[in-house]
Structures are given as structure tokens and as C-alpha cells.
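Enquirer: Let me give you the structure first, and then I'll get to my questions.
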Amino acid sequence: PKGGFWASSGQVLIDEFVLRKGAKSMSSRKPMYLNLRNGEVNSNNFLISSGDSYVKLDVAGLTRDRLNASLNGKLDLSLLGLFTPFITDLRGNMSLSMDLTGTATKPALSGSAYIEKGYAKFADFIHPFSNVRADVLFNDNQILLNSVRADLAGGKLTGDGKITFTEKNRPIDIRGGFNDVRLNIPEGFRTRGSGSVTITGSDFPYTMDIGYLVTGGEVVYEIGEKDNNTSSVKASAYLPRFLYQEAFHPFTFNVDVSLKNPVTVNNALANAQVIGAVKASGTPDRLLLTGTLSPLPGGKVFFHETPFEITSAFIEYTGSPPNQPKIYLTANSLVSEITQDDQARASEHQYEVNLLVQGRGPEPQILLSSQPPLSQREIVSLLTLGMTTAGTTDEKKGSSEFQAANTSTALGAAILQKASGKRLKESLGLDLKVTSSQPTPENASTPKVTLSKQWTPKFGASASSTLRANPTNNVKLEYKIEQEHLRDRIMGRSRIRFETKRRHP
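Residue 186 is where the sequence shown starts when you use our numbering, and the numbers rise one by one after that.
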């Protein structure tokens, strides 16, 4: 018609309308109408609902020169997950009130929203925000967060700020604080403390700056450990972002961590108290660290389960990934060896072993020295097997060629147990152990390598071999039988074991 839409008459009919995400949905109960009469718009039955949730649109006498519409409702936030792909899990209740006024050429939008019992889990951020409560005001170009409160990692989070909408971007300025949280960022770095947080930027990814004062915690991260869920081929963290980005990240982090109190490092390599400060930047899957951590004297480091007492040490990051620190450490330990002479008389020898570790993880250079002096090879043998090659009799060690091969096998197995035992278990289901009998004044220790596998809860097998001139091989098959006598309620268990031994002459 002449005059276009604002002079037309007619009717818009929607027979059925459904908004669904997963198991949650809202739908219309009756046909919905928009009636136009000479450019004036009115609504009828514009309502979708589900249980206590509903959204209702009212349009009354809306014209080009006088917009008049309102949207009110109460809905489950999970339905808004359609519009927030960077939030992997969104839940809670939201009450909404919104008005549209002004003219067709200059509309004015205003309203408010209140969120309670909210829950949000962001992609690549291990900790969810729970029990979220927020009071929000908004208009056509800005969202004001008057008050935001949430539970985060066992602590409390508060904040406020604003989000502005422009033609080209969406600037954000949000500031807040958190108290008594227990974070696990990066994974394996468990800390507790308080601090401040700001989110700024003009578009994705926004920058999240965190100042974190740590009052305690524990680091269980294993240097050199690989994530089972990641590929063994991975782009360097030093590459430009556009070359390695595989997923959308809503935030880039700048985290400034200061240790108010010592934090315990407790992993396969160390058990020590650490002080210092570290800054982390990047996305959660590609954090780069800068700073220094200093283990306190008196802590322990381990070389194949042998504890060494730390005398001096530091761990330094210079814009490097968590598993690539610069390491310097000196430590010492008192190690005993029980030996036997040709007449089977036992004697005890003590060595003061000094350990120097320096270089970059996960494979720093390790230097060993001792008093009385031993070679590097002899010290490693002493630490891993409980004896040196010089501590065995001619009868036990046989020829020098066999002894050298025997020691190499033992050391290789010991290193394999430390570095690759976990991967062997995960890929083949095999348990690898390198053990030795407890040395006594009467008997020297004898190293033994054992491979075992539990095929079913009832059936297992193992094979072992001692590492000496005349090795003893042992193979075991074990089957457990459970018999339940229902008549007298007696439970009996029996085991059938097949064992074969072979001793070399």
C-alpha cells in the first residue's frame, strides 16, 4: 500500500513457537497474532511458557512515531545458552522487564534483569561460577552491572561494571574482588588466597587481569607430564596466535601471583616449601609464566625414590610454559651400601652423595658426586639398585662383560620405571617395578625387575628376574575363586597359583 509498512493493514499469525535447548523448552499455548490496522500494531496471545517460566510480549497502539511495546518474563538461563557459545554450561533463573519507546527512526530500549541461583561454566576455565546473583540495568547502548555476587572455587566473588555497545565493538569494563578461593590454575597448581580481578577490552578475546595473593597451597604438577587428551604434536606457545588458535577463547589472562606464605611442592620430584612470585599470561591452554620460585632449605628432592635434602635452589620462568622452567638445585644425601666379601662376610659403606640439577625442564642436566669418590655410573647404581658394581664378589658379578650389561639393564629398567611407567600402564596395562631386597649385615641387596598385569579382577600374571650373574626367573599365574555357600551363609575364597622358576646354572 501507499506509505509502506506504516500505512498497511493485515495480520501476522504464528501457529506454533518453540524455544528449546537440550531438555529445556518453552512454547506457545495458543496461536499468536500481530494485528496491523493503518500502520498501528497490536499483539494478541504473544506468550510462551513452561511451568513457572514465561515470556510475554505486549504491543499496544504501536505506530511509526510512537513505539509502545514491553517484554516481561521469568525464564531458565539455560535457554540463553544458544547465544553464548563460550559458556559451556549456563543455568539459573532470570526475571526480565523491558520497554521499547521512541520512534521508528530513533528507538529507545530500557529495562532491568535480576539473576538468582545462577551457574556458569566458561570454556577452558576449570572453575564454575555458582550461586550467581546479579542486578542488571540496560538500555539500547549499555548494560550496567550494579551488583554481581557468586561463589567461585570455594570462595566469594563480587563485582560491578558496564558493557557498552557501539557500531564496531563491545567495550567491557568490569571490576571485582574474590576472597578465600581455592584455585587449580594451571591444573596441578592448587592454591588458596584472595585478590582482585578486572575484565577490559573492546572485543573478544577480552583481557582478564588478576592480582592474586596466595596464602597457601600445594603444587602437584609433574614437570614433563603429558596431557592424555592432547596430541603429541602441538604448536609452540611462542607462535603468533593466529597460527595456532584451534578454539574460541573469550578471555586472555594476565595473572600476577604473589606468595604471602610458602606453598608446598609435592610431586614425584620434590617435597618442599616454596616462596616467590610468578606472572602468567595467555589462554588457559597456553599459559606462559614469568617469575621465580625458591624452594626453602630443608626440603626434599628425589632421585629414584632416594631423598636428597635441598641446600639451595631456584625455579625461574622467563615467558615459558609451565613445564619449561629454568632449574638450579643443589642437594645432598647419605646413602648406605651393604656388601659381601668372598667369605660371605657383610660390611656397610656410607657415601655422602651430592646432587646438582641445572638446565630447563623437563630434562635438566643432572650431575652427581660423592665422598668417598665414585663415578657417575657407580653413584647411579648405588641410588637405583642400592649397590655399586664394585660391591659384588667375582662369583656374583661374573665376567666384566656380563656385569656391565647387567648394570646397564638395571639402570635402564630403573629409569624406565621412573619416566615411562605411567605410560606403560596406560597403553599396555603393565605394571613395571624395579626393586631390591632390603640390605642387612648378613645379606647384600639383590635387584629385581618385575612386569605384572591384572587381566581380570580374578586373573593376574607376573614375570620377574633378578639382576645378577646367576639370575633367578619367576613366572606366576594367579586365579582367585570365590565360592558362596547360600545354605549356611558362609563365604569362602581360594586361590589357584601356577608358578614356575628357572635358575641359571
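Idealized CB from N, CA, C, for every residue including glycine.
For the alpha helix (DSSP H) holding Gln561, just list the boundary residues, first then last.
Expert: What you label residue 561 is simply residue 376 of the sequence shown in a count that begins at 1. Segment Gln561 to Leu570, the alpha helix (DSSP H) holding Gln561.
Enquirer: Count Cβ pairs between the stretch 547-565 and the stretch 525-538 that sit closer than 8 Å; are there 3 or more?
Expert: yes
Enquirer: Considering Cα atoms alone, identify which of Pro656, Lys206, Ile384 and Val634 is closest to Ser649.
Expert: As a position in the sequence shown, residue 649 is number 464, starting the count at 1. Nearest option by C-alpha distance: Val634.
Enquirer: Tell me whether Leu262 sits in a helix, a strand or coil according to DSSP, three-state version.
Expert: Reading the sequence shown from its first residue, position 77 is the one you call residue 262. Three-state result, Leu262: helix.
Enquirer: Between Pro510 and Glu501, which are expected to be in contact by the criterion C-beta below 8 Å, what is the C-beta distance as a whole number of angstroms?
Expert: Reading the sequence shown from its first residue, position 325 is the one you call residue 510. Reading the sequence shown from its first residue, position 316 is the one you call residue 501. Pro510 to Glu501, Cβ: 6 Å. Contact.
Enquirer: Using the beta-carbon count (16 or more within 10 Å), is Gly484 buried or exposed?
Expert: Here residue 484 refers to the residue found at position 299 of the sequence shown. With 16 or more other Cβ atoms within 10 Å, it is buried.
Enquirer: What are the residues that DSSP puts in a beta bridge with Asp221?
Expert: What you label residue 221 is simply residue 36 of the sequence shown in a count that begins at 1. One point to set straight first is that residue 221 is Leu, not Asp, in the sequence displayed. Beta-bridge pairing links Leu221 to Gly195 and Val226.
Enquirer: Using CA coordinates, which residue listed in Gln550, Leu342, Val404 and Val520 is at the minimum distance from Leu514?
Expert: Residue mapping note: residue 514 aligns to position 329 of the sequence shown, counting from 1. Nearest C-alpha to Leu514: Gln550.
Enquirer: Would you kindly check if the distance between the Cβ of Leu567 and the Cβ of Glu533 is under 8 Å?
Expert: The residue labelled residue 533 in the question sits at position 348 within the sequence shown. The residue labelled residue 567 in the question sits at position 382 within the sequence shown. No, the pair does not count as a contact, with Cβ atoms beyond the cut-off.
Enquirer: In this structure, does DSSP put Phe438 in helix, strand or coil?
Expert: To locate residue 438, count along the sequence shown from 1; it is residue 253. Here Phe438 sits in strand by DSSP.
Enquirer: Over what stretch of residues does the beta strand (DSSP E) that includes Tyr304 continue unbroken?
Expert: Indexing the sequence shown from 1 puts residue 304 at position 119. First-last of the beta strand (DSSP E) with Tyr304: Pro292 to Phe307.
Enquirer: Which two residues bound the contiguous beta strand (DSSP E) that contains Gly340?
Expert: On the sequence shown, position 155 is the one that residue 340 refers to. Run containing Gly340: Gly340 to Thr349, per the beta strand (DSSP E) assignment.
Enquirer: Rounded to the nearest angstrom, what separates Ser280 and Gly258 at their Cα positions?
Expert: Looking up residue 280 in the sequence shown gives position 95. Looking up residue 258 in the sequence shown gives position 73. Ser280 and Gly258 have their C-alpha atoms some 6 Å from each other.
Enquirer: Note down the Cα distance separating Arg249 from Leu322, rounded to an integer number of angstroms.
Expert: Your numbering for residue 249 matches position 64 in the sequence shown. Your numbering for residue 322 matches position 137 in the sequence shown. Cα to Cα, Arg249 sits roughly 26 Å from Leu322.
Enquirer: Taking the alpha-carbon of Gly189 as reference, which of Thr573, Arg214, Ile328 and Glu225 has the nearest alpha-carbon?
Expert: By 1-based counting over the sequence shown, the position of residue 189 is 4. Nearest of Thr573, Arg214, Ile328 and Glu225 to Gly189, Cα basis: Glu225.
Enquirer: Just verifying my parser: in three-state terms, what is the DSSP assignment at Thr468?
Expert: Translated into the one-based positions of the sequence shown, residue 468 becomes position 283. In the displayed model, Thr468 falls within a strand according to three-state DSSP.
Enquirer: With a threshold of 16 other CB atoms inside 10 Å of the CB of Pro482, please say whether the residue is buried or exposed.
Expert: For this step, residue 482 is matched to residue 297 along the sequence shown. Pro482 should be labelled exposed.
Enquirer: In three-state terms, what does DSSP make of Leu474?
Expert: Within the sequence shown, numbered from 1, the residue matching residue 474 stands at position 289. Secondary structure of Leu474 (DSSP, three-state): strand.
Enquirer: Apart from the five residues on each side of it in sequence, which residues of its chain come closer than 7 Å, Cβ to Cβ, to Asn230?
Expert: As a first step, residue 230 must be located in the sequence shown, where it is residue number 45. Lys215, Pro216, Met217 and Tyr218, listed in sequence order.
Enquirer: State the start and end residues of the unbroken beta strand (DSSP E) segment that holds Asp250.
Expert: The sequence position of residue 250 within the sequence shown is 65, counting from 1. Unbroken run through Asp250: none, as it is neither H nor E.
Enquirer: Which residue wins for smallest C-alpha separation from Lys347, given the options His434, Gly207, Lys341 and Arg360?
Expert: Residue mapping note: residue 347 aligns to position 162 of the sequence shown, counting from 1. The shortest CA-to-CA distance from Lys347 to any of His434, Gly207, Lys341 and Arg360 is the one to Arg360.
Enquirer: Please determine, among Leu337, Pro480 and Val565, the residue with the shortest C-alpha to C-alpha distance to Val520.
Expert: Taking the sequence shown and counting its residues from 1, the one referred to as residue 520 is at position 335. The shortest Cα separation from Val520 among Leu337, Pro480 and Val565 belongs to Val565.
Enquirer: How many Å lie between Glu548 and Ser637 at the Cα?
Expert: Counting from 1 along the sequence shown, the entry for residue 548 is found at position 363. Counting from 1 along the sequence shown, the entry for residue 637 is found at position 452. Near 28 Å, if we compare the C-alpha coordinates of Ser637 and Glu548.
Enquirer: Taking 8 Å as the cut-off, decide whether the C-beta atoms of Ser379 and Asp394 are in contact.
Expert: For the purposes of this step, residue 379 is identified with residue 194 of the sequence shown, where counting begins at 1. For the purposes of this step, residue 394 is identified with residue 209 of the sequence shown, where counting begins at 1. No, these two residues do not count as a Cβ contact at 8 Å.
Enquirer: To the nearest angstrom, report how far apart Gly195 and Leu204 are at their CA atoms.
Expert: Within the sequence shown, the letter at position 10 stands for residue 195. Within the sequence shown, the letter at position 19 stands for residue 204. Rounded to the nearest whole angstrom, the C-alpha separation of Gly195 and Leu204 is 26 Å.
Enquirer: Could you pull out every residue in the same chain whose Cβ sits closer than 6 Å to the Cβ of Ala589, ignoring the five residues on either side in sequence?
Expert: The residue given as residue 589 occupies position 404 in the sequence shown. Bear in mind that the predicted position of Ala589 carries a pLDDT of just 43, short of 50, making it unreliable; the figure below should be weighed with that in mind. Close CB contacts of Ala589 within its chain, under the 6 Å cut and outside five residues either way in sequence, are absent.
Enquirer: Buried or exposed for Ala197, please, with buried defined as at least 16 other CB atoms from any protein chain shown within 10 angstroms of its CB.
Expert: Stepping through the sequence shown from its first residue, residue 197 is reached at position 12. Checking the displayed sequence, the identity of residue 197 turns out to be Val instead of Ala. Here Val197 is exposed. Its C-beta has fewer than 16 other C-beta atoms within 10 Å.
Enquirer: Using a Cβ-Cβ cutoff of less than 6 Å, which residues in the same chain neighbour Val463 once the five nearest sequence positions on both sides are dropped?
Expert: Position 278 of the sequence shown, counted from the start, is the residue given in the question as residue 463. Correct list, in chain order: Val442, Leu474 and Gly476.
Enquirer: Among the candidates Asp616, Asn658, Glu494 and Thr657, whose CA atom is the shortest distance from the CA of Gln639?
Expert: In the sequence shown, residue 639 corresponds to position 454, counting from 1. Measuring from the Cα of Gln639, the nearest candidate turns out to be Asp616.
Enquirer: Compute the distance between the beta-carbons of Gly396 and Ser381, then report whether it is under 8 Å.
Expert: Taking the sequence shown and counting its residues from 1, one reaches residue 396 at position 211. Taking the sequence shown and counting its residues from 1, one reaches residue 381 at position 196. Gly396 places its beta carbon less than 8 Å from that of Ser381.
Enquirer: On a CA-only basis, which of Gly373, Thr385 and Asp345 is nearest Asn354? Give me that one, please.
Expert: As a first step, residue 354 must be located in the sequence shown, where it is residue number 169. Among Gly373, Thr385 and Asp345, the Cα nearest to that of Asn354 belongs to Thr385.
Enquirer: Assuming Lys241 is part of the beta strand (DSSP E), what are its boundary residues?
Expert: Residue mapping note: residue 241 aligns to position 56 of the sequence shown, counting from 1. First-last of the beta strand (DSSP E) with Lys241: Ser238 to Val244.
Enquirer: Which of helix, strand or coil does DSSP assign to Phe202?
Expert: For the purposes of this step, residue 202 is taken as the residue at position 17 of the sequence shown. Phe202: coil per DSSP, three-state reduction.
Enquirer: Going by C-alpha distance, which of Ile495, Met283, Lys618 and Ala646 is nearest Asp159?
Expert: What the structure shows of the chain is the stretch from 186 to 690, and residue 159 is not part of that stretch, so it cannot be assessed.
Enquirer: Which whole runs of the beta strand (DSSP E) in the stretch 378-410 are 3 residues long or more, in chain order?
Expert: Correct list: 391-404.
Enquirer: Given a threshold of 16 other Cβ atoms within 10 Å of its Cβ, counted over all protein chains shown, does Ser555 qualify as buried or as exposed?
Expert: As a position in the sequence shown, residue 555 is number 370, starting the count at 1. By the 10 Å Cβ count, Ser555 comes out buried.
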